[in-house]
Amino acid sequence: MRVGICSDTHDNLELARGVVETFESAGVETVIHCGDIVSPFTANVFDADFDFHAVRGNNDGEWNLSNVVDSFGTYHGECATFDFDGTAVAAYHGTSETLVDGLVESGDYDYVFRGHTHQRTYEKSGETVHVNPGGLPIPGADDTYHVALLDVDEGDVAFYEV
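Sequence positions in the sequence shown follow this note's numbering and run 173 to 334.
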């Protein structure tokens, strides 16, 4: 099973379309957006041929965003947990580093996916892998946008530039 991870698309429609094309080309079955989609019109781009899940980001303030996502996927609110063929995953936007650290250090998850910093991250802490795919390029973070792909069967995470 392949799981696509993205975050912080911030209403950039061209970028969101590129994310969907990347995931469709890679044959992902499920996509997790780690927050900051921002508006319903951008969320609609993710209505594609995969299961879609989103958690709320600190810029996701438009009241109808959850309704739009729920029309074709699942809007989880602040945080979500998943079990993909025995692989435990937590997803959270990442606004609180204390909460990110708590999820990672709990030992309850094989992977913790987050966004917010716009900085691509892959860190292993004990048996947990902390992944931030990155976000829309901003000063002090990544210069290009990336997504991550988890191959559950292989236990491997790869990053792809969009």
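Even glycine gets a Cβ: it sits at the ideal position worked out from N, Cα and C.
In the DSSP assignment, T253 forms a beta bridge with A262. Secondary structure within the region 197 to 224: the alpha helix (DSSP H) runs of 4 or more consecutive residues, fully enclosed, are 212 to 215 (chain order).
A residue is called buried once 16 or more other Cβ atoms fall within 10 Å of its Cβ, and F285 is buried on that count.
Taking all protein chains in view, the Cβ of Y294 is surrounded by fewer than 16 other Cβ atoms within 10 Å, so the residue is classified as exposed.
The beta-bridge partner set that DSSP reports for L322 consists of V175, V329. Following the DSSP letters along the chain, one finds E277 inside the alpha helix (DSSP H) bounded by residues 269 to 277. Taking the C-beta atoms as reference points, F218 is found nearer than 8 angstroms to H205. Beta-bridge partners of S297 (DSSP): T300.
Where V334 is concerned, there is no enclosing beta strand (DSSP E), because DSSP gives it neither an H nor an E.
The shortest CA-to-CA distance from T289 to any of G176, D180, A215, V175 is the one to D180.
Put simply, the backbone Cα of D183 is about 8 angstroms away from that of A215. When only Cα atoms are considered, G207 and D323 end up about 21 angstroms apart. Buried is the label assigned to F224, since at least 16 other Cβ atoms lie within 10 Å of its Cβ.
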